[in-house]
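Student:
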Amino acid sequence: MKTEKLSNVVTLKKALEQAEKGNYAIGSFSPRYTDMIRPILRAGEKTQSPVIVQISQKELDRYGVTPFEVGEEFYQAIQDEKITIPAVLHLDHTKDFQVIKDAIKAGFTSVMIDASEHPFEKNAEISAEVAAYAHAKGVSVEAELGMIGTTDFIETDKDEELYTDPEEALEFVKRTNTDALAVSVGTAHGVYNVREPKVDIERLKAIRALTSVHLVLHGGSGVPSEMIQAAMKIPNGGVSKVNIATDLELSLLGALGRKERMTNAVCKQLPENQKRAGQDAVEQTVIDKISNFLNSADQAKNFKLYMKKS
Ligand SMILES: [Zn+2]
280 MKTEKLSNVV
290 TLKKALEQAE
300 KGNYAIGSFS
310 PRYTDMIRPI
320 LRAGEKTQSP
330 VIVQISQKEL
340 DRYGVTPFEV
350 GEEFYQAIQD
360 EKITIPAVLH
370 LDHTKDFQVI
380 KDAIKAGFTS
390 VMIDASEHPF
400 EKNAEISAEV
410 AAYAHAKGVS
420 VEAELGMIGT
430 TDFIETDKDE
440 ELYTDPEEAL
450 EFVKRTNTDA
460 LAVSVGTAHG
470 VYNVREPKVD
480 IERLKAIRAL
490 TSVHLVLHGG
500 SGVPSEMIQA
510 AMKIPNGGVS
520 KVNIATDLEL
530 SLLGALGRKE
540 RMTNAVCKQL
550 PENQKRAGQD
560 AVEQTVIDKI
570 SNFLNSADQA
580 KNFKLYMKKS
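Have a look at this one:
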């Protein structure tokens with residue numbers, strides 16, 4: 280299946296440009312299990328909101344799934360469910376260049392290189408190399424500067440927090456040519472049971488004042504709506520992508536009455552009625568995020584979709 284046949288599958292750059300103009304953010308939802316890709320797309324269709332479906336390198340390993348399986352299900356679901364809203368298939372936090380190459384081959388329209396564990400120079404060098412590779416293939420790039428913490432080590436493997444420096448962000452974007460930048464401004468991955476969510480709005484404003492790169496907020500699960508709203512509405516283009524993973528999995532596990540995470544294989548083998556209940560719960564959570572956190576409902580109509588890759 281080829282990406283260019285589906286005019287509503289767009290790059291991250293195209294999606295975020297539109298979101299920034301409209302002062303809303305697009306949810307980057309992690310299904311974690313391939314069977315949870317459909318409910319994300321259905322929620323987007325029902326609310327007429329653009330959506331991003333994402334999975335990280337660490338999630339691919341943890342849940343036992345390949346970029347090819349994710350790509351196959353994503354494109355199949357779009358066709359089966361007659362999805363018309365703009366959709367992005369995004370590779371979240373990835374360190375390994377080979378995984379990035381595989382994802383691009385599998386039809387991902389956006390990839391994130393996370394070299395944030397390295398000092399500035401090395402991070403910029405690695406991110407620039409990935410950006411040049413991806414751009415040549417018509418794929419968008421997200422990179423990370425500063426370090427975003429984690430509480431559950433599912434998406435990333437380090438709980439170190441280092442806020443993004445605005446001056447460094449300017450230099451980083453110049454050197455890497457990245458389309459989107461994951462900034463560290465107080466949010467963290469996982470459940471906020473060990474720290475309070477916060478968003479440093481002044482820092483976001485300072486970064487925006489220096490660069491026009493699209494701003495991405497990670498660790499969106501459990502962040503109060505007012506904080507997300509404020510981050511979206513900073514002058515000259517606020518946060519236009521918010522990553523949400525944990526809340527989707529919590530709603531899935533809740534519907535199944537499970538405490539433990541599964542593997543993708545175990546999820547696939549769930550009895551149909553259970554799987555359906557899990558999918559419905561995920562769909563409902565995505566609809567709630569779109570309607571009450573991201574303000575992205577009814578925005579699909581503002582996209583100009585051409586019959587070619589953007
Ligand atoms: Zn993240």
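Once you know that position 181 of the sequence shown is 460 in the numbering used here, the rest is easy, because the numbers rise by one and skip nothing. Ideal Cβ placement from N, Cα and C applies to all residues, glycine included.
(1) Is isoleucine 305 helix, strand or coil by DSSP?
(2) Does glycine 428 come out as helix, strand or coil in the three-state DSSP assignment?
(3) To which residues of the same chain is leucine 483 closer than 8 Å at the C-beta, ignoring the five residues directly before and after it?
(4) Here's the rule: buried if 16 or more other CB atoms are within 10 angstroms of the residue's CB, otherwise exposed. What is proline 398?
(5) Would you list, in sequence order, the uninterrupted alpha helix (DSSP H) runs of no fewer than 4 residues that lie entirely inside the stretch 430-494?
(6) Identify which residue in Tyr303, Arg487 and Ile383 has its Cα closest to the Cα of glutamine 333.
(7) Going by DSSP, name the residue or residues bridged to threonine 290.
(8) Mapping DSSP to helix, strand and coil, what is valine 559?
(9) Under 6 Å from any heavy atom of ligand 2, does the C-beta of glutamine 508 make it?
(10) Please list the terminal residues of the continuous beta strand (DSSP E) segment that includes leucine 529.
(11) From methionine 586 to glutamate 296, what distance separates their C-alpha atoms?
(12) Should valine 452 and alanine 304 be called a contact, given that it needs their Cβ atoms to be closer than 7 Å?
(13) Any idea what DSSP makes of histidine 369, helix, strand or coil?
(14) With 16 other CB atoms within 10 Å as the buried threshold, where does threonine 542 fall?
(15) Might you give, ordered along the chain, the residues of its own chain that have their beta carbon closer than 7 Å to the beta carbon of lysine 292, omitting 5 neighbours on each side?
(16) Let's see if you can read the secondary structure: which residues bound the alpha helix (DSSP H) around methionine 511?
(17) Tell me the rounded alpha-carbon separation between aspartate 438 and proline 503.
(18) Let me confirm a value: glycine 499 is counted as buried when at least 16 other C-beta atoms fall within 10 Å, else exposed. Which label applies?
(19) Quick check: the stretch 320-331 against the stretch 365-379, are there 3 or more CB pairs under 8 Å?
(20) Leaving out the 5 sequence neighbours to the left and right, which residues in its chain are closer than 8 Å to leucine 489 when beta-carbon positions are compared?
(21) Does the beta carbon of asparagine 522 fall short of 6 Å from some heavy atom of ligand 1?
(22) For glutamate 596, which of helix, strand or coil comes out of DSSP?
Tutor: On the basis of the supplied data:
(1) Against the sequence shown, residue 305 aligns to sequence position 26. Residue state, collapsed to three classes: strand.
(2) Locating residue 428 in the sequence shown gives position 149, where the first residue counts as 1. Note: glycine 428 maps to strand in three-state DSSP.
(3) Along the sequence shown, one-based indexing puts residue 483 at 204. These residues qualify, in order along the chain: Val462, Val464, Leu494, Ala510, Ile513, Gly517 and Val518.
(4) Numbered from 1 along the sequence shown, position 119 holds the residue referred to as residue 398. So proline 398 counts as exposed.
(5) 445-455 and 480-489
(6) Reading the sequence shown from its first residue, position 54 is the one you call residue 333. Considering only alpha carbons, the answer is Ile383.
(7) As a working mapping, residue 290 is identified with position 11 in the sequence shown. The partner list for threonine 290 (beta bridge, DSSP) is empty, contrary to what the question assumes.
(8) Position 280 of the sequence shown holds residue 559. Inspection of the sequence shows that residue 559 is occupied by aspartate rather than by valine. Looking at aspartate 559 - three-state DSSP - the assignment turns out to be helix.
(9) For ligand 2, the structure offers nothing, since it holds only ligand 1.
(10) Taking the first residue of the sequence shown as position 1, residue 529 is located at position 250. Counting along the chain, leucine 529 falls outside any beta strand (DSSP E), though it belongs to the alpha helix (DSSP H) covering 525-535.
(11) Taking the first residue of the sequence shown as position 1, residue 586 is located at position 307. Taking the first residue of the sequence shown as position 1, residue 296 is located at position 17. Low confidence applies to methionine 586: its pLDDT is 46, below 50, so where it sits in the model is not reliable enough to give any reading.
(12) What you label residue 452 is simply residue 173 of the sequence shown in a count that begins at 1. What you label residue 304 is simply residue 25 of the sequence shown in a count that begins at 1. No, the pair does not count as a contact, with Cβ atoms beyond the cut-off.
(13) Numbered from 1 along the sequence shown, position 90 holds the residue referred to as residue 369. In the structure shown, histidine 369 sits in a strand (DSSP, three-state: E or B).
(14) Translated into positions along the sequence shown, residue 542 becomes position 263. Exposed is the call here.
(15) The sequence position of residue 292 within the sequence shown is 13, counting from 1. For lysine 292, where only same-chain residues beyond five positions count, the Cβ hits under 7 Å are Ser419 and Asp458.
(16) Position 232 of the sequence shown, counting from 1, holds the residue named residue 511. That run of the alpha helix (DSSP H) goes 504-511.
(17) Position 159 of the sequence shown, counting from 1, holds the residue named residue 438. Position 224 of the sequence shown, counting from 1, holds the residue named residue 503. Straight-line Cα distance between these residues: approximately 21 Å.
(18) As a working mapping, residue 499 is identified with position 220 in the sequence shown. Flag for glycine 499 reads buried.
(19) yes
(20) As a working note, residue 489 is residue 210 in the sequence shown. Counting only Cβ-Cβ distances below 8 Å, and skipping sequence neighbours, we find Pro445, Glu446, Ala448 and Leu449.
(21) Within the sequence shown, numbered from 1, the residue matching residue 522 stands at position 243. True, at least one ligand heavy atom lies under 6 Å from that Cβ.
(22) Nothing about residue 596 can be read from this structure; the chain reaches only from 280 to 589.
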